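Following: one structure in structure tokens, then a few remarks.
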């Protein structure tokens, strides 16, 4: 079971964007880097084309290594480590270690 999932609210704990929070948009192919909404923005120079006739400079999200991210408690807005516990029916659930809040009830066996 993965500790980070798409649409989680995460906080950057290390690097230039330290302290910023945002929604996890997607992962790269091997799930080692994540793209966070409006965090770690880089400027991309785009050439004029038929699709984009004006061209210019656009800002896009760049990836951040998953070791630099922590999940944020949805109610208290504080970052916490994620643990995984097995319920009595055998399903696994993610929870925040600092507050004990359960994050999701997706079962995987």
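In this note's numbering, the protein residues as written are 271 to 379. Even glycine gets a Cβ: it sits at the ideal position worked out from N, Cα and C. As the structure is a prediction and not an experimental result, all values here were calculated from the model.
Hey, how far is the Cα of residue i from the Cα of residue j?
| i | j | result |
| --- | --- | --- |
| residue 303 | residue 286 | 16 Å |
| residue 292 | residue 369 | 20 Å |
| residue 344 | residue 294 | 14 Å |
| residue 367 | residue 313 | 37 Å |
| residue 339 | residue 372 | 18 Å |
| residue 277 | residue 307 | 10 Å |
Once you ignore the five residues that flank residue i on each side, which residues in its own chain have a CB closer than 6 Å to its CB?
| i | result |
| --- | --- |
| residue 337 | none |
| residue 273 | 352 |
If you follow the beta strand (DSSP E) that residue i is part of, which residue opens it and which one closes it?
| i | result |
| --- | --- |
| residue 371 | Neither: residue 371 is in no beta strand (DSSP E) and is coded neither H nor E. |
| residue 356 | 352-356 |
Below 8 Å CB to CB, which residues in the same chain sit around residue i once its five sequence neighbours on both sides are set aside?
| i | result |
| --- | --- |
| residue 348 | 342, 368, 369 |
Sorted by chain position, which residues of the same chain lie with C-beta nearer than 7 Å to residue i's C-beta, five sequence neighbours on each side aside?
| i | result |
| --- | --- |
| residue 325 | 316, 317, 318 |
Within the stretch 302-340, ranges of the beta strand (DSSP E) (whole runs, at least 3 residues): Within the stretch 302-340, the complete beta strand (DSSP E) runs of at least 3 residues are 303-306, 311-316, 326-331, 333-335.
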